[in-house]
Amino acid sequence: MTEIRSGRLTIIATPIGNLEDLSPRAGQAIAEAELILVEDRRHAQRLFQHLGVQPKTMALHEHNERSLAPQLAQRIAEGGRLALLSDAGMPLISDPGFPLLALLREQQLPVTVIPGPNAAVAALSLSGLPSDRFVFEGFLPAKAGARRARLSVLSNESRTLIFYEAPHRIVATLTDMAEVCGAERPAALCRELTKIHEECLRDSLGGILEQLSRHPDKVRGEMTLVLGGAPERNPGETEADRWLTPLLEELPLTQAVRIAEAQSGLAHRIVYRRALALTSGRDPV
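With positions in the sequence shown counted from 1, the corresponding number in the working numbering is that position plus 155.
This is how it looks when you write it as structure tokens:
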């Protein structure tokens, strides 16, 4: 009788800086996997050397993950035991893997996870900002216009927000945030988490910008930015924003206000005030 093997994909969290953060269970799963899907083979090699293993690997990244997903799913269906790693932290969190997971879900193939290090959650814990309700936004758009547009949408989010950002864009991103959300909004910039030079700057957006201008050497390393949420607003303002946000993307302010008033039934002063806030990037005083 032919032996029927139970194939599966194991999602494995890897260290975000300190290799000692890899759990024994994760190390064992890496050693036992028949094939390991890695974002970058050269980066993964450092982890494998730390473990003293040389597993079989395949590169899985944003340029090939959709085309590879069917053959990987087939391999799992036939009994293959695969593991998925990202360069650092939890796979799929601003990292490749979603097309494969979506296909495995569709085909009801087994998936398990070995949790571990994650920069977003680590930075939230360090930030000193409210952690009971939060939103993970990942990377903002690289282009200034698209970045500011996204920040305008997020400017009234009352939950704590978490972003990833590259060192060469961090000053521009902080500047846009200060202009759109207000320079006094509390924030925390965490860099080099779990590494020798780990640091968390806890201040207002304006204060962090000032610190970076005085200490340009801090503009380096892996960065996670935690932004305090906006003060809670009344339901009328929230409803006005719901109508105005898409309208203002296509129409002049006065026309957008007129349509939003007619559709929502809200008072002119509420709709007009929110339109000014959304177009200027900050609430009027």
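From the three backbone atoms N, C-alpha and C, an ideal C-beta is built for every residue, glycine too.
Bounds of the alpha helix (DSSP H) holding E187 are 179-187.
The three-state reading of DSSP puts A385 in coil, since its state is none of H, G, I, E or B. Within 10 angstroms of the beta-carbon of E377 lie 16 or more other beta-carbons, which makes it buried. Around R221, the same chain offers P254 as residues with beta carbons nearer than 8 Å, after the five sequence neighbours per side are excluded. In the same chain as L306, and ignoring 5 residues on each side of it, the C-beta atoms closer than 8 Å to its own belong to L295, D331, M332, V335, C336, G436, in chain order.
Proximity of the region 181-199 to the region 230-247 meets the contact definition, three or more beta-carbon pairs being nearer than 8 Å. Taking 7 Å as the cut-off, the beta carbon of I363 is found no closer than this to the beta carbon of L348. Beta bridge pairing from DSSP links L192 with M213, L239. Judged by beta-carbon spacing, L403 lies beyond the 7 Å limit of L431, meaning their Cβ atoms are not closer than that value.
Listed in chain order, the alpha helix (DSSP H) runs fully inside the region 313-360 are 325-336, counting runs of at least 4 residues.
In this chain, I248 is not harboured by any beta strand (DSSP E), its DSSP state being neither H nor E. Rounded to whole angstroms, D358 and R428 show a C-alpha spacing of 29 Å. Contact annotation: the region 404-423 does not touch the region 316-326, with fewer than three C-beta pairs closer than 8 Å. Between G235 and P272, the alpha-carbon positions lie close to 26 Å from each other.
When the beta-carbon positions are compared, I231 and P210 stay at least 7 Å from each other.
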